[in-house]
Every structure is written in structure tokens, then in C-alpha cells.
Amino acid sequence: SASGGRVVPHPVSRVPVSPTAVLAEVIKAFGAPENAQRIEEARDNACNDMGKMLQFLLPVATQIQQDVIKAYGFSNDGEGVLKFARLIKSYESQDPEIASMSGKLKAMFLPPMTLPPHGAGTAGVATS
Numbered sequence: 004s005a006s007g008g009r010v011v012p013h014p015v016s017r018v019p020v021s022p023t024a025v026l027a028e029v030i031k032a033f034g035a036p037e038n039a040q041r042i043e044e045a046r047d048n049a050c051n052d053m054g055k056m057l058q059f060l061l062p063v064a065t066q067i068q069q070d071v072i073k074a075y076g077f078s079n080d081g082e083g084v085l086k087f088a089r090l091i092k093s094y095e096s097q098d099p100e101i102a103s104m105s106g107k108l109k110a111m112f113l114p115p116m117t118l119p120p121h122g123a124g125t126a127g128v129a130t131s
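So the sequence shown is numbered by the working numbering: it starts at 4 and just counts up by one.
Here's what the structure looks like:
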């Protein structure tokens, strides 16, 4: 049986760059004034409606990510962004820094969830 050796996942083998570096670049891009403004406008258009949020915000967020990650060998389309998201997800459980950066990134374009009272199952998640 194959026991012993620690298996390190390499979901995207042809991208030699660390996911942390790419994530940092993406976060930086979201923080850029022109992008922050685009997101702000998309947010305003959506007026806290979750369905509209996906309609307006997601394309903007996807575009911003695409512009960054295409430089790292991801395809310049929705598929590339999905691959990148899967890659980050695969590292989140092993790397607290990536998990924290990923949370930060999501917070930049996802609205703070206003949960109905029966969403009390998530009460333990709030960080002070």
C-alpha cells in the first residue's frame, strides 16, 4: 500500500507561481480605485438583492480576476476563473494564509450576508 509520502496537490501543474502570490495580486486589483468603483456601481445597481448581486457583481468580479490571472497561465475566460477558484479552494485547508486571503477577497465583492433569523447556525462564524 502507498503509505508514508506526503501528497502535495498540484491541481494546475503548469503554473509555477505560488497561489498566495496570485491571490495577493487579485486582491490588489480589487483594491485599485477604478475596480473598486466598478464594484461599488454594481453594488448600487443590485441594491442588496441577492439575485441582482450575482447578475451585476459577478461579471465585474470575474473580469477583474481574469485580467490578473491570465498573466499566470490561466485561460482568459470564465473557465480560467473557475480553475483559479478551485485551485485556491484546494489550498485553503492546508494554508491558513490562503484561507484568510481568500476570505478577504470574497468580502471585497460579496455583500455582507444579511441572514434571516433562522440562519442562526452560522452564529459561531462571526469574528470580533
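Beta carbons are placed, not taken as given, at the ideal position from N, Cα and C, and that holds for glycine.
TYR94 and GLN66 have their C-alpha atoms some 23 Å from each other.
Contact between PRO22 and LEU90 is confirmed by a C-beta separation of about 6 Å, below the 8 Å threshold. Judged by DSSP in its simplified three-state form, LEU113 adopts coil rather than helix or strand. Around the CB of ASN79, fewer than 16 other CB atoms lie within 10 Å, so the residue is classed as exposed. In the assembly as shown, LEU108 is a buried residue. Its beta-carbon has 16 or more other beta-carbons within 10 Å.
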